[in-house]
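As structure tokens, the structure follows; a few thoughts come after it.
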Amino acid sequence: MSENKMIYLQPTPVRIWHWLNALGIVTLCITGIQIRFPEFMAIFGSYKTAIMLHNTAGIVVSLSFSLWFFYYKMSGKLAKIYVPKPDELKYGLVRQAFFYFFRYFRGDPSPHHATPDNKFNPMQKSAYLAIMFVLMPLVALTGILLMNVTPLRELILLSGGLKILVAVHFLLACSLGAFLFTHVYLATLGRTPTAYIKPMWSGWEETEGDEAEVHH
Amino acid sequence: MKETENLLLLIAGITLLAVAAAHAGEEGYSYGSIEGKSDTCLACHRDGKAVAPRYRIDTGQYNHTSHARIGCAACHDGISPGHPADRIVSKKTSCNQCHRDTAEEYGRSKHAGKASCGDCHNPHQVSAPEEISGQEMNRMCASCHSKEAMEARHAAWLPQADLHLGMLPCVTCHTASENYLITLHIIKRDGDNPYGEFRLATFAELDKLAEGKDIRSLIDTNSDTYISLEELRQFNQKQNQRLLRLQGVMVPEQVTHDFKALESRWNCTFCHASGPKAMQRSTLALPERNGSFTRIDVEKGAVLEALGSTPDFYMTGATRNATLNKVGLAIIAGGLVMPVGHGFLRFVTRKNRKERSHRHE
């Protein structure tokens, strides 16, 4: 029997950021549905309430995103954690996909072992790179423009008009919503369904002794 | 001040014309033509040198009005035989002699006693509601209600109050009209400056751009007095897009004079919900030489199209595009493929992982 080790994987600022984002993004999704389809959904009461909540959650998530960016930038870990290395793109992606779609079903362990400096597997890195550096900034930017149509009209015209902006915002939001389902599901693929979720709450991840790189 | 006076008079004119139009619809009733009805007066009053500026009548605008068809004397009924030498100013007939219903409705409104018909309408420049732009309607209101004060007041409860007040005529909400339509206007950058402010394009500006053709040809390319979605798309794709754009304004079908917001207007979803008839119907308002506007019917659903027809007109909830909804749904469904497909296989192969777990223990 191998001895399990605990590693401190998620620092407190990252955990606060994650759950703030989670609350904000879920609020944005639900209020977004109400704003676009008011006759089918009124979970937050009046349309005005949904708009106010959507705007507030949008500002909170945008600020939280900025804090996340500066936190990692200042800690010098941004590229290390989020940008896949050439080897990871060349072999790591295939190896990880092979695990998810074949070896996992056989009961084999994941080829990637999370450490504080290398938290994500190559697939996660690629997905988060697209999400955190493309989708999130774009959805926030289009949202900020849509919240300030009159003062930022010239920028809106430069983007091609209000409808293009709304279409981009909507499709980006759908993409992030789609990712949310995959994200939550993948979070349950640890040794136990909550093995990956607990560290995001407590900071500590329990790993099997033969898999862990112990950090003191 | 003069502009204010003119604009206020314009509203009065609309009132007059609205009642006139109602009467005109009655069988056998006609004002006849303008011929010979005002010629004697206009001989002097059309000339800015012969009369003081405030008494000058712009014949281009006046002859377009229904008032021109009843003639000056129908209202100015107290002209002395010695006019103009005796300088006795003619008496004026009050508006409510013809516009009784409107006057009664207005008399019951909060505005009664605070502004007379002439404070908003110029009877010599009246246009039918469909002949004036939303901006012109708002300028009448702005002569008393300052933009800043109104924005601050509405912002207390209305999200993006500046946008609402900038894009809607006040009477869109402050009306008893149940139905709406979308009016499209051509707006143009000030002074051809690519960074100038957008203002309503005038007839002269569009006439210059049309290069000798009818200004309709700028958008109604096949001259069938009907604007198709394709013609709107072509207009939006033209090179002069930096200078010219289409602006959509939601206007009431009828103009009323009680200026009271109906209860339904306090509910955002009255406008911001998909499928109201108003969103389907739109017209293009083109300026005329005399300062009025001609409306041309636009193909149904122009403001509901995803991008091309009216790129600057979007109302959350109301003008959402069905195709984009389907694309969005497909993206979200794509996100469910992994949890559902992988989850199913995970369930089927759960024994494999249990066995591995036991081996480790």
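In the order they appear, the protein sequences are chains A and B. So for the first sequence, our numbering puts the first residue at -2; every next one is plus one. So for the second sequence, our numbering puts the first residue at 1141; every next one is plus one. All C-beta atoms in this analysis are idealised placements derived from N, C-alpha and C, irrespective of residue type, glycine included.
CA nearest to the CA of residue i, picked from the options
i               : options                               : result
residue 1405(B) : 1317(B), 1291(B) and 1278(B)          : 1317(B)
residue 66(A)   : 131(A), 119(A), 154(A) and 121(A)     : 131(A)
residue 176(A)  : 10(A), 199(A), 125(A) and 45(A)       : 125(A)
residue 1305(B) : 1330(B), 1332(B), 1324(B) and 1277(B) : 1277(B)
residue 1457(B) : 1413(B), 1250(B), 1308(B) and 1245(B) : 1413(B)
residue 1341(B) : 1289(B), 1284(B), 1207(B) and 1427(B) : 1427(B)
residue 198(A)  : 3(A), 2(A), 111(A) and 15(A)          : 15(A)
residue 1178(B) : 1401(B), 1486(B) and 1203(B)          : 1203(B)
residue 21(A)   : 80(A), 5(A) and 50(A)                 : 50(A)
residue 1183(B) : 1193(B), 1199(B), 1437(B) and 1172(B) : 1199(B)
residue 143(A)  : 167(A), 123(A) and 129(A)             : 167(A)
residue 1422(B) : 1374(B), 1223(B) and 1459(B)          : 1459(B)
residue 1217(B) : 1294(B), 1230(B) and 1206(B)          : 1230(B)
residue 1443(B) : 1455(B), 1436(B) and 1337(B)          : 1455(B)
residue 204(A)  : 113(A), 129(A) and 156(A)             : 113(A)
residue 1258(B) : 1274(B), 1281(B) and 1272(B)          : 1281(B)
residue 1251(B) : 1228(B), 1226(B), 1268(B) and 1285(B) : 1285(B)
residue 1396(B) : 1311(B), 1349(B), 1366(B) and 1447(B) : 1311(B)
residue 1082(B) : 1402(B), 1194(B) and 1425(B)          : The structure shown does not extend to residue 1082(B), since chain B is modelled only from 1141 to 1501, so the question has no answer here.
residue 1327(B) : 1376(B), 1486(B) and 1408(B)          : 1376(B)
residue 1271(B) : 1233(B), 1194(B), 1436(B) and 1401(B) : 1436(B)
residue 1371(B) : 1321(B), 1439(B), 1433(B) and 1188(B) : 1439(B)
Per DSSP, the bridge partner or partners of residue i
i               : result
residue 1387(B) : 1325(B)
residue 1437(B) : 1423(B)
residue 1392(B) : 1320(B)
residue 115(A)  : 112(A)
residue 1339(B) : 1328(B)
Cutoff 8 angstroms: residue i Cβ touching any chain B Cβ
i              : result
residue 45(A)  : yes
residue 299(A) : Residue 299(A) falls outside the range modelled here, since chain A spans only -2 to 213, and no answer is possible.
residue 104(A) : yes
residue 12(A)  : no
residue 35(A)  : yes
residue 94(A)  : no
residue 50(A)  : no
residue 160(A) : yes
residue 179(A) : yes
residue 19(A)  : no
residue 200(A) : no
residue 164(A) : yes
residue 175(A) : yes
residue 168(A) : yes
residue 80(A)  : no
residue 182(A) : yes
residue 140(A) : no
8 angstroms contact criterion, which residue i and residue j should meet: CB distance rounded
i               : j               : result
residue 160(A)  : residue 1451(B) : 5 angstroms
residue 1347(B) : residue 1359(B) : The Cβ separation is near 14 angstroms, so there is no contact.
residue 1264(B) : residue 1197(B) : 5 angstroms
residue 103(A)  : residue 1492(B) : 5 angstroms
residue 1465(B) : residue 1393(B) : Not a contact, Cβ separation roughly 28 angstroms.
residue 68(A)   : residue 10(A)   : 6 angstroms
residue 162(A)  : residue 147(A)  : The pair is not a contact, with the Cβ atoms about 14 angstroms apart (cut-off 8 angstroms).
CB contact below 8 angstroms: residue i versus chain A
i               : result
residue 1479(B) : yes
residue 1492(B) : yes
residue 1312(B) : no
residue 1454(B) : yes
residue 1163(B) : Note that residue 1163(B) has pLDDT 43, beneath the 50 cutoff, so the model's placement of it is unreliable and the number below is only indicative. Taking Cβ atoms only, chain A never reaches closer than 8 angstroms to residue 1163(B), which makes this a no.
residue 1309(B) : no
residue 1476(B) : yes
residue 1485(B) : yes
residue 1472(B) : yes
residue 1383(B) : no
residue 1318(B) : no
residue 1331(B) : no
residue 1306(B) : yes
residue 1446(B) : yes
CB of residue i within 8 angstroms of CB of residue j, strictly
i               : j               : result
residue 170(A)  : residue 59(A)   : no
residue 1325(B) : residue 1389(B) : yes
residue 121(A)  : residue 108(A)  : no
residue 1445(B) : residue 1383(B) : no
residue 202(A)  : residue 111(A)  : yes
residue 1119(B) : residue 1430(B) : In the structure as shown, chain B begins at 1141 and stops at 1501. Residue 1119(B) is therefore absent and cannot be evaluated.
residue 1289(B) : residue 1295(B) : no
residue 75(A)   : residue 119(A)  : no
residue 1441(B) : residue 1373(B) : no
residue 1212(B) : residue 1181(B) : yes
residue 172(A)  : residue 1471(B) : yes
Near the ligand ATP: residue i beta-carbon under 7 angstroms from a heavy atom
i               : result
residue 1220(B) : In terms of ligand content, the structure shown is empty, and the ligand ATP therefore cannot be addressed.
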